[in-house]
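Chains as they are written, first to last, in our numbering: chain A, 3 to 384; chain B, 809 to 1175. Report on one structure; see the data block that follows.
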């Protein structure tokens, strides 16, 4: 038997009808969005777009109706998501909440948290950010130092979060922090708290990425008082909550479509009759994409059945990041163009954008080395 | 690997038989050019060569995807037999209404380097066939060869029986498997030639062969991963098993990724093969994209997997004694049969160019 099974992805005609509907929507919505902006992929932030997505019922698709959801299947959600990403739609305003924070609250939140927040996520009105990384805690998440101390009527929080994507636009953060013990306790003593970012004592400062863009932030907590019911699930259960999200976070189409805008512009630049060399190079990428998509949809099928394919998800993300990072390296060999963010040529601008974002692909959501460590564990090596 | 492909009773039985019978001696003798008659007899007795044909023609009535799982299993054992080739040939013959003879069968790869389409003409009530089929798998050992030939713009399937060809060049792939150039020029009775079923021609046969090699590669890469993980757990250096070193773990994780990709790619190809066989495939010559993707991707995985596996095995894996090379030499061979990575990638690239930038993503989702 193979060590790591990837069952055939579920097929469904219903999802194809939905796909056509999404494509129609995007054709109109994104008609004026140039490739250079599509290259932003899931970093593109557009509140109004997210609201129109919400109105279509394409956020919170799998959640219960009583929380604003639409009770559709995970595979339908997958179709909407991959169509959004392939088209370079600006999903950042709803995307983190839809993928991660909402499902977390659904599983572990209080009824009050669910009832007040989930419908606002579903309508595209509410943005979340994820407070995991810290200055001294990147891959080593258990080294977090931000601490929430129980006090009269709530929690007192002190610490610093770093690389917090879209904290400057978000209403809420899911804060991973220490509630008990010390860093020597490793994953023990960690919890997750729901943070309203308008709470006094929170300072959000921009951290520009190497291209000069502002997605990242530093979020400093100084004697921030959170209500007692900010705790998500049980105290001390933070690590388990985070681990159970990983398969969702690592196997989706966002893990291999980050450079799709460049692949698309590459095909455009090469035209209908590419050289044999170019056809081979592009065809190889297309073949990789077809296979990655199958792997990813296979994991989606497993998740839909309630399995926890963390290992398979790690494999998808590792292979996906290699693919995303390879595209700019190949594109620049096939088309004569200097990367230039402000070029009037879309290819040059998209190339510039993708080259400068590519290093993040194998960092965010679990570094290559961490993923490969998980895979090695799955192989029984550690 | 799909549940349906490899969890059936037949799959289990086949796996047990091959585990038992594909011994180091059998592999060595085959490598030296001896036909493994006993192994073949056992495989034929189980009916495996007929796995793709319908029940009324002697098959098991399995779904096509499930039957194709046998190719993957055989690949994982480096079984030195034309099982995949026989399965394909039997299916071709049965589908065209031609008799399926006993014994090892094979199909002539229609696009092997240097091939020209054979000439097929009417000759009274019968036919006249002449030409050369290149790199025919196990040609010298086959009881019959199936080839596709055009007559009046229509594809026909032709069965040649042993003795009706001359081995013009006895070739071998680098795993020692026969790949023979067969020359023929003869009259054939009516019962040896039939119009090919709709959709079956040189292009689709090429794609089907590519599917078989992809499946075999997926099985072999999985086995290479197994062997390498096992060895890394056993081999102690610097006081601990190799598998405890992070550098080694990272390499093995890469190998596992290649096995996963090859497996998924081959699964996709098997589904496309079934669609092609049912006559419902998308238009050729671009061919079904999942097959092109699979042959390309499995070929790439093969190269990476072999490289890592040999690196991890060190000098012992480079010896003739060790079992590893029976798999790696097959992988290095199969990736160049029925079209290499580049030829299938080129087809994918041309399909992408034809679809254009705005048609690229729809092309991928339709695959």
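C-beta: ideal position from N, C-alpha, C; glycine also.
- When DSSP reads this structure, residue 1003 of chain B sits in a beta bridge with B/964.
- When secondary structure is reduced to three states using DSSP, residue 1079 of chain B falls in the helix class.
- Chain-ordered listing is empty here: chain B has no CB closer than 7 Å to the CB of residue 372 of chain A, the nearest sitting near 11 Å.
- When secondary structure is reduced to three states using DSSP, residue 174 of chain A falls in the strand class.
- With respect to the 7 Å criterion, residue 41 of chain A and residue 263 of chain A are classified as neighbours on the basis of their beta carbons.
- For residue 878 of chain B, no Cβ of chain A is located within less than 7 Å of the residue's own Cβ.
- Taking a cut-off of 8 Å for Cβ pairs, the segment 991-1002 of chain B and the segment 1055-1063 of chain B do not touch, as fewer than three such pairs fall below it.
- For residue 269 of chain A, the nearest CB of chain B lies under 7 Å from its own CB, placing it at the interface with that chain.
- DSSP, read as helix, strand or coil, puts residue 135 of chain A in coil.
- By DSSP's assignment, residue 275 of chain A forms no beta bridge with any residue.
- For residue 1118 of chain B, the three-state secondary structure derived from DSSP is helix.
- Using a Cβ-Cβ cut-off of 7 Å, residue 1057 of chain B counts as an interface residue toward chain A, since at least one Cβ of chain A sits closer than that to its own.
- If you draw a straight line from the Cα of residue 885 of chain B to the Cα of residue 831 of chain B, it is about 9 Å long.
- Taking CB atoms only, residue 1165 of chain B has a neighbour in chain A less than 7 Å away.
- Judged by beta-carbon spacing, residue 942 of chain B lies beyond the 7 Å limit of residue 961 of chain B, meaning their Cβ atoms are not closer than that value.
- Assigned with DSSP and collapsed to three states, residue 34 of chain A falls in coil, not helix or strand.
- Residue 1065 of chain B has a beta carbon lying within less than 7 Å of a beta carbon in chain A.
- C-alpha of residue 995 of chain B to C-alpha of residue 936 of chain B: approximately 4 Å in a straight line.
- Its Cα nearest to that of residue 1102 of chain B, the residue A/289 stands out among A/289, A/299 and A/298.
- When DSSP states are grouped into helix, strand and coil, residue 1163 of chain B belongs to the helix group.
- A contact is defined here as three or more CB-CB pairs under 8 Å, and the segment 317-328 of chain A fails this definition with respect to the segment 167-177 of chain A.
- For secondary structure counted as the alpha helix (DSSP H) over 4 or more consecutive residues, the segment 325-365 of chain A holds these complete runs in sequence order: 348-363.
- Under DSSP, residue 222 of chain A shares a beta bridge with A/162 and A/205.
- Taking a 10 Å sphere around the C-beta of residue 1066 of chain B, we find 16 or more other C-beta atoms and assign the residue as buried.
- Within the DSSP secondary-structure output, residue 216 of chain A pairs in a beta bridge with A/210.
- Shown here for residue 963 of chain B: same chain residues with a beta carbon closer than 8 Å to its own, the five before and five after excluded, namely 956, 957, 1003, 1004, 1008, 1009 and 1010 in chain order.
- Residue 992 of chain B: member of the beta strand (DSSP E) spanning 987-996, first to last residue.
- The C-beta of residue 33 of chain A has fewer than 16 other C-beta atoms within 10 Å across all chains shown, which makes the residue exposed.
- Taking 8 Å as the upper bound for CB-CB distance, residue 1050 of chain B and residue 1120 of chain B are in contact here, some 7 Å apart.
- Listed in chain order, the non-local C-beta contacts of residue 1017 of chain B below 6 Å within the same chain comprise 917 and 1146, local neighbours out to five positions each way being set aside.
- Shown in chain order are the members of the segment 283-307 of chain A whose Cβ falls below 9 Å from a Cβ of chain B: 283, 284, 285, 286, 287, 288, 289, 290, 291, 292, 293, 294, 295, 296, 297 and 300.
- The beta carbon of residue 206 of chain A sits closer than 6 Å to the beta carbons of 169, 170, 219 and 221 from its chain, once the five residues preceding and following it are set aside; these are given in chain order.
- The residues 272 and 336, in chain order, have a CB closer than 8 Å to that of residue 280 of chain A in the same chain once the five nearest residues on each side in sequence are set aside.
- Neighbourhood of residue 321 of chain A in chain B, by CB distance below 9 Å: 1065, 1066, 1068 and 1069, in chain order.
- Taking a cut-off of 8 Å for Cβ pairs, the segment 240-250 of chain A and the segment 95-113 of chain A touch, as three or more such pairs fall below it.
- For residue 47 of chain A, same chain residues with a beta-carbon under 7 Å away, outside a window of 5 residues either side, are 92, 94, 95, 168 and 171 in chain order.
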